[in-house]
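A quick write-up on the structure given underneath.
In the working numbering, the protein residues as written are 1037 to 1590.
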């Protein structure tokens, strides 16, 4: 027994080592199985869905007003990107891309030896692994644990089994971060060089291929020297890989970094910022942020480019007149509405969007309505049976306990006694003040109710309340509400709510919002609306609307 003791000892030790290794391998296997047990599916189309832009158009359905997006991304097909990009990406990021099956074991070994020997640090992630990290495992992208690497490798192998190499390369090029908010080669080409990816020169393609290594520090806008050095590294690798000739390499290296950066619209808005920003807010009130900024929606609005152009010309003329009189700090607003639909056809919200984004045309505060509110008093009077021929004292200096101070007419005019229609033509303040103070006249409450029925209502902090001064426009409102309210006079008392969006179409063609046929509401009788309209026409033909008469005269 003692003679065989050493041999038995060796055997027992060997068996123990095998057992430990086996148990260790079994344990590692169990751990790996747990790590990869609940992986996302490589067949899930949503995992590779690109960030789609929401585009907003005018009513001609061709004039682009804005593009909203979380990431600037323009997915393209293989025939829309040049060979310099395709081959340069492979030569730089994954030289054995067409040889491995998702994980490059040879590359891992090479990088390990190089790093252990003190060489410049190298990674060994394949293009497929990087694609997985940026899409399927994007939520784990910042996790540097061994677990994430194993999960990434497993999915990369599954990707290679489910998709062709060319498909994977294109998916990578369509999703990778190229800095400055650009995701995908087409968005990068358009942003940095104002051209399509198919039209990039060798030097331009190499510039973009080099950015993803560090989208911040290789950004050509912010770090042109770093970007140029990285571009030349890409060119060196393309030469080594046989993608380009020595002559092409040398010529591209000598080129200066010449960018043609696309000027991005502020907030993604290209045209009519006051109107378009209002559309954006309306969308966010009805849809989620994700739908609006990442849903790839197509939105058709009501704005008419021709009428908007006229509105802007008119506003410019007024501002020029103001500048001559020293009123250069005053801002105006304008809203034009089709009364038969409620569609907003033109909008001016202020003097200059770049200086102030406060939209006078749509803001809750707005400005005091002034004499335009008198039309609601007129409507309330006619509705309760008071004839427009009724005579009212319109002499100046009206004093009444219901008013905080004497009421006077513009420039102190003393009109004497006028009918309601004639006092409307000249906008006699004292006549309307007496009409809402007289016990037999229009009560402040009925005036307030009329304004609310026509869509002009608000908080008491903006001047709304059942008190006489309401008739003179003491309350604050905006041109959007007023244009919508006046529209009911022109349509026989039918009010169409103001609308700036006609349709919202989802990416799959589903209609999410449809305002193409929205019925109006009968808020006034046709008789009352018609009589109000008749009286108001006199403002233009015989009263204070002399500027309109001049403009309309032959």
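Just so it is clear, CB atoms sit at the ideal spot from N, CA and C, and this is done for glycine as well. Computed from a predicted model, the values in this text were never measured in an experiment.
Secondary structure note for residue 1257: it is in no alpha helix (DSSP H), with a DSSP letter that is neither H nor E.
Shown here for residue 1248: same chain residues with a beta carbon closer than 7 Å to its own, the five before and five after excluded, namely 1212, 1213 and 1214 in chain order. In the structure shown, residue 1280 adopts coil according to DSSP, grouped into three states. A contact between stretches requires three or more CB pairs, one per stretch, nearer than 8 Å, and the region 1226-1234 fails this requirement with the region 1195-1205.
In the three-state reduction of the DSSP assignment, residue 1218 falls in the strand class, which pools E and B. The DSSP-derived three-state label of residue 1263 is helix.
Ranked by Cα distance from residue 1419, the options 1442, 1477 and 1111 are led by 1477. By the neighbour-count criterion, in which 16 or more other beta carbons inside 10 Å mark a residue as buried, residue 1577 falls on the exposed side. Remark: C-beta atoms of residue 1556 and residue 1530 approach each other more closely than 7 Å.
Note that the C-beta distance between residue 1245 and residue 1269 is not below 7 Å. Non-local beta-carbon contacts of residue 1307 in its own chain, meaning distances under 6 Å to residues more than five positions away in sequence, involve 1101 in chain order. Counting the other Cβ atoms within 10 Å of the Cβ of residue 1583 gives fewer than 16, which makes it exposed. The Cβ neighbour count for residue 1095, taken over all protein chains shown within 10 Å, is at least 16; the residue is labelled buried.
Taking C-beta atoms as the reference points, residue 1432 and residue 1448 count as a pair closer than 7 Å.
In the DSSP secondary-structure assignment, residue 1103 is bridged to 1091.
Between the region 1468-1482 and the region 1497-1512, the count of C-beta pairs closer than 8 Å reaches three or more; the two stretches touch.
Closest in C-alpha terms to residue 1457, from the list 1479, 1192, 1512 and 1427, comes 1427. With a contact defined as Cβ atoms closer than 8 Å, residue 1335 and residue 1381 miss out at about 17 Å.
Taking the Cα positions, residue 1542 is about 40 Å away from residue 1131.
For residue 1335, the enclosing beta strand (DSSP E) begins and ends at 1334-1337. With 16 or more other Cβ atoms inside 10 Å of its own Cβ, residue 1521 counts as buried. Cβ-Cβ distances below 6 Å link residue 1436 to 1473 in the same chain, with the five nearest sequence neighbours on each side left out; the list follows chain order.
Relative to residue 1559, the option among 1549, 1138 and 1488 whose CA is nearest is 1488.
When 1125, 1460, 1193 and 1117 are compared, the shortest CA-CA separation from residue 1136 is found for 1193.
CA-to-CA, the gap between residue 1392 and residue 1142 works out to about 60 Å. Of 1121, 1239 and 1575, the smallest CA-CA separation from residue 1205 is found for 1121. Contact between the region 1250-1262 and the region 1214-1224 is established, with three or more Cβ pairs separated by less than 8 Å. Residue 1297 and residue 1223 have their C-alpha atoms spaced approximately 11 Å apart.
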